[in-house]
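Visitor:
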Amino acid sequence: MVAVAVNQQNEMVGFEMFYFRTDEIPSRVIHLAFTGIAPSLRGQGLGSILRRYAVSQFHARGLRGISAQVTQDNLPSMRSLLNAGYVKTGESADGLTHFMIRRL
Ligand SMILES: CC(C)(COP(=O)(O)OP(=O)(O)OC[C@H]1O[C@@H](n2cnc3c(N)ncnc32)[C@H](O)[C@@H]1OP(=O)(O)O)[C@@H](O)C(=O)NCCC(=O)NCCS
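Taking the numbering used here as reference, the numbering of the sequence shown is continuous, increasing by one, and the terminal residue is 104.
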């Protein structure tokens with residue numbers, strides 16, 4: 001599943017990719033694989049808008065959650081996840097990766 005953001009010229013300026021992980025299917029959770037915003041447009045709220053868009057779409061389609069992972073040094077990614085209502089559920093053994101979920 002991919003959500004794409006385009007500008008007024010219909011050029012892609014951002015995208016968000018999701019897939020189902022086998023162990024999360026029974027709980028109706030989809031996994032957020034990657035979000036990317038064009039470098040020149042980062043820091044203007046687009047990433048947060050894309051994340052909120054996915055939340056509304058998956059909620060409307062009956063999913064129960066969106067899981068995600070973010071490295072602790074990626075502040076824009078972490079902040080945009082928190083903006084969209086994700087919460088931390090744990091972290092990797094080395095503490096470098098945070099496990100997140102957005103319950104729907
Ligand atoms: C991560 C990414 C998708 C976020 O999208 P974005 O449009 O840049 O983010 P937003 O403008 O919505 O900002 C989200 C939050 O990060 C903060 N932020 C943005 N750029 C920042 C920076 N360079 N340093 C610190 N904080 C920053 C914003 O202030 C905002 O926080 P706030 O709402 O608490 O003020 C985008 O930066 C990106 O494509 N990064 C490269 C790819 C990547 O790392 N993807 C994530 C891994 S899956």
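For glycine and all other residues, C-beta sits at the position ideal for the given N, C-alpha and C.
By DSSP, does Leu63 sit in helix, in strand, or in coil?
Guide: If DSSP states are grouped into helix, strand and coil, Leu63 belongs with coil.
Visitor: Decide if Gly95 is buried, meaning its Cβ has at least 16 other Cβ atoms within 10 Å, or exposed.
Guide: Exposed, by the Cβ-count rule.
Visitor: Indicate the three-state DSSP secondary structure (helix, strand or coil) for Met1 in the structure shown.
Guide: DSSP places Met1 in coil when its eight states are reduced to three.
Visitor: Within a Cβ cutoff of 6 Å, which residues of the same chain sit near Val103, ignoring the five residues on either side of it in sequence?
Guide: One detail in the question is off: residue 103 reads as Arg in this sequence, not Val. Correct list, in chain order: Gly65.
Visitor: In its own chain, which residues sit with a C-beta less than 6 Å from the C-beta of Phe34, not counting the 5 before and 5 after it?
Guide: Closer than 6 Å at the Cβ level, and outside the excluded window around Phe34, lie Met17.
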